[in-house]
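2 protein chains.
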Amino acid sequence: MTIQVFGHKSPDTDSTGSPIIWAWYLSEIKGEAAKPVLLGEPNTEAAFMLSHWGLDKPEIISGVEADAPVVIVDTNNPAELPENINAADIRAIIDHHKLVGGLETKGPIDIRIEPLACTATIMYKMIGDDLAQAPKAVKGAMLTCILSDTLEFRSPTTTQEDKAIAYALAEDLGVDISAYAADMFAAKSDVSAFSDAELLRMDSKEYAVEGTKFRVSVLETTAPRMVLDRKDSLMASMTQVAQEDGVDQVLLFVVDILNEEATLLVPNDLVKTVAEKSFGATVGGDTVVLPGVMSRKKQIIPNLKL
Amino acid sequence: MTIQVFGHKSPDTDSTGSPIIWAWYLSEIKGEAAKPVLLGEPNTEAAFMLSHWGLDKPEIISGVEADAPVVIVDTNNPAELPENINAADIRAIIDHHKLVGGLETKGPIDIRIEPLACTATIMYKMIGDDLAQAPKAVKGAMLTCILSDTLEFRSPTTTQEDKAIAYALAEDLGVDISAYAADMFAAKSDVSAFSDAELLRMDSKEYAVEGTKFRVSVLETTAPRMVLDRKDSLMASMTQVAQEDGVDQVLLFVVDILNEEATLLVPNDLVKTVAEKSFGATVGGDTVVLPGVMSRKKQIIPNLKL
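Chain order of the listed sequences is C and P. For what it's worth, my numbering labels the leading residue of the first sequence as 1, then goes sequentially. For what it's worth, my numbering labels the leading residue of the second sequence as 1001, then goes sequentially.
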């Protein structure tokens, strides 16, 4: 049976590109039948990557069958995976997030989690010299994943390994990193086609603080105005999204990639308290700028207080 | 703060040796203050390893403090670790068991789990060329761990990697594998000092089948008679051990390393049913021989039925 390789339910660049990279490695180098699949529609940056490197869009699947062989990448969180994931035959997990607990495997399997910015960086290390055999598109996907997850090395999640590997790939591919990253971020920033609810759910993780459940949403953009011009309707939409998703509050951080700051929308006193207690911010109106805040993983989630 | 490196609560050779190996690597190669500790008294084979290679017995600790930096090896099962393990600052996990779920980390960390016979084998791969700087005792611990977990390559958990690495270490150290393994197994087989309850808990994992909780205990020995001569009092002791440990039944498999078979003690009809349904055995008396059964992980647990 063909091994399905997938990331999380809201496929960003790393969750779209890493399955493509690993399915290539399994099938072409390891000789195991494998294919990349997606658990949702790729975001605009991921779609840009596919079209730029001439990669087929992986099939979108709605679930996995019991005992189906799968490899999970870019997450180890059951909440971000198909409901019956533990019934599948999980063959391997490759990830760079904290261990959440909840995934179980039937036998010993390959698990590789490292505190790097990007799943593709870990794959680069695991594939080693065999990468020389990869087509340009696979290497291009790798580079795109790293530039995406590191926000072109601006994010504090960036490690020296991510950076060195991205430079090596860019040189190999003849890619000008800053020009290419600008195109990627422009693609990501074009959110005009999305509804408010879609924007609030696009890049979002649930996180609870003392029993209060948050949906912590981030929009990384080089054109923050495009989002902030819609702030009134975005804030109005938060109540319904929270209700539908069973959380108490949506937090939306608009991350300005170029100016290296985040703007948090402040629809009510709860979020005002969060902004003040978590980030020491002084909140006047319905938005607050948080200088230097770029990373949900490193800067937002670990600081969230009520 | 010094990083404490430990394995599970019933320290066998791998759970005693791997912390020593990894603490050496962290402190001598990575320059991080680290020390091996134990969560219980090492078994007789592990004690033999310590004395043979002139290694100090690691301190036995009864728990971990909140936020204490720790590295967990040879398990990822919270039930086999201190109660408040998730409050510790888990820095890394290196293991070769199935993912159980339940461990959580505060941030992204290094996790490396591979389907190999032994944690030390994974460490050998991770340490790479730096192993040249290791003292003989560290390499000796590595070799002992691999020979122990593979039962000198007899266990079906043995992989080509475990075998190749053990041979490389033995050559480097000038160790005659079969003579050394015989000494190890003789040490493990000397169980005269242990009470029945201690024997039943010495190498034991809890596992539930359809709501029935088992303590699945294994004694690997080259002298099965030493254990089987005590079978009546061992079976009598099972009831109390089960009660004290909150399980429904203790299963004791006496693994004859040299003859490559296990003898299961059959104290009652429940265990008789387990023997028949799980292993297709025909049970006449109060023991049953299961030819070829050597590994709890590969052969016992996956087959347990009621």
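For each residue, glycine too, the CB sits at the ideal point set by N, CA and C. Owing to the predicted nature of the structure, the values given are computational and were not obtained by experimental measurement.
Worksheet entry | Residues within the stretch 1104-1118 of chain P neighbouring chain C, beta-carbon criterion of under 7 Å | Glu1104, Thr1105, Lys1106, Gly1107, Pro1108, Ile1109, Asp1110, Ile1111, Arg1112, Ile1113, Glu1114, Pro1115
Item to complete: At 9 Å on the CB atoms, spell out the chain C contacts of Lys1163(P), in chain order.
Response: Going along chain C, no residue has its Cβ under 9 Å from Lys1163(P), so there is no contact; the nearest lies around 17 Å.
Discussion item. With H, G and I counted as helix, E and B as strand and the rest as coil, what does DSSP make of Ser1295(P)?
Written reply: coil
Discussion item. Under DSSP, the beta strand (DSSP E) around Ile20(C) begins and ends at which residues?
Written reply: Per DSSP, Ile20(C) belongs to no beta strand (DSSP E); it is in the alpha helix (DSSP H), 13-24.
Worksheet item: Between the stretch 206-236 of chain C and chain P, which residues of the former have a C-beta closer than 8 Å to a C-beta of the latter?
Response: none
Discussion item. By the DSSP assignment, the beta strand (DSSP E) with Glu261(C) in it spans what residues?
Written reply: 261-265
Worksheet item: Alpha carbon to alpha carbon, how far is Ile146(C) from Ala1134(P)?
Response: 35 Å
Item to complete: Check the Cβ-Cβ distances between His312(C) and every residue of chain P, and say whether any is below 8 Å.
Response: Residue coverage of chain C in this structure runs from 1 to 306, which leaves residue 312(C) outside it and unanswerable.
Discussion item. Would Val1274(P) and Leu1252(P) be called neighbours here (beta carbons separated by less than 8 Å)?
Written reply: no
Fill in: Straight-line Cα distance separating Glu152(C) from Ile1127(P)
31 Å
Fill in: Nonlocal neighbours in the same chain, by C-beta distance under 8 Å from Asp1056(P), ignoring five residues either side
Leu1050
Item to complete: Would you please verify whether the beta carbon of Leu306(C) is less than 8 Å from any beta carbon of chain P?
Response: no
Worksheet item: Short check: CB of Met202(C) to CB of Phe194(C), under 8 Å?
Response: yes
Discussion item. From the DSSP secondary-structure annotation, give me the bridge partner or partners of Lys57(C).
Written reply: For Lys57(C), which the question treats as bridged, DSSP gives no partner whatsoever.
Fill in: Integer-rounded CB distance, given that Val227(C) should sit under 8 Å from Leu348(C)
No statement about residue 348(C) is possible, as the shown extent of chain C runs from 1 to 306 and does not include it.
Worksheet item: When DSSP labels each residue in this structure, what does Pro36(C) get in the three-state scheme?
Response: strand
Discussion item. Judging by CA-CA distance, which residue of Ser192(C), Val216(C), Ser15(C), Thr105(C) is the nearest neighbour of Gln249(C)?
Written reply: Val216(C)
Item to complete: Can you say whether Arg1225(P) is buried or exposed, counting buried as having 16 or more other CB atoms within 10 angstroms of its CB?
Response: exposed
Worksheet item: CB Glu1045(P) to CB Asp1012(P), shorter than 8 Å?
Response: yes
Item to complete: Evaluate Asp130(C) with the Cβ neighbour count: other Cβ atoms within 10 Å of its Cβ, from every protein chain shown; 16 or more gives buried, anything less gives exposed.
Response: exposed
Fill in: Same chain, Cβ closer than 6 Å to Pro156(C), neighbours up to 5 away in sequence not counted
Ser295, Lys298
Practice prompt. Kindly list, in the order they appear in chain P, the residues whose Cβ is closer than 8 Å to that of His52(C).
Written response: Ordered by position in chain P, no residue passes the 8 Å Cβ test against His52(C), which lies about 28 Å from the chain.
Discussion item. Quick check on the burial criterion: 16 or more other C-beta atoms within 10 angstroms. Buried or exposed for Asp229(C)?
Written reply: exposed
Worksheet item: Under three-state DSSP, which class holds Leu50(C)?
Response: helix
Worksheet item: How is the beta strand (DSSP E) around Ala181(C) delimited, first residue to last?
Response: Ala181(C) -> not in any beta strand (DSSP E); alpha helix (DSSP H) instead, spanning 177-189.
Worksheet item: When the Cβ atoms of the stretch 32-43 of chain C are set against those of the stretch 1-15 of chain C, are three or more pairs found closer than 8 Å?
Response: yes
Fill in: Within chain P, the residues that Val70(C) reaches when beta carbons sit closer than 8 Å
Under the 8 Å cutoff, chain P gives no residues; its nearest Cβ is about 13 Å from Val70(C).
Worksheet item: What's the call for Ile90(C), buried or exposed, on a 16-neighbour Cβ count within 10 Å?
Response: buried
Worksheet item: Relative to the C-alpha of Thr1105(P), which residue among Ala1137(P), Ala1281(P), Val1071(P), Met1123(P) is closest?
Response: Val1071(P)
Discussion item. Judging by CA-CA distance, which residue of Asp1172(P), Ile1109(P), Cys1118(P), Tyr1025(P) is the nearest neighbour of Ile122(C)?
Written reply: Ile1109(P)
Worksheet item: Residues in the stretch 151-176 of chain C with C-beta within 9 Å of chain P's C-beta atoms, listed in sequence order?
Response: Thr157
Fill in: Entirely enclosed beta strand (DSSP E) segments - the stretch 1208-1287 of chain P, minimum 3 residues
1212-1221, 1249-1256, 1261-1265
Practice prompt. Whole angstroms is fine: what's the gap from Gln1004(P)'s alpha carbon to Gln1240(P)'s?
Written response: 34 Å
Practice prompt. Go ahead and pull the three-state DSSP assignment for Arg154(C).
Written response: coil
Fill in: Closest residue to Ala87(C) among Leu99(C), Gly63(C), Val73(C) (Cα-Cα distance)
Gly63(C)
Discussion item. DSSP has Ser1204(P) in a bridge; who is on the other side?
Written reply: Ser1217(P)
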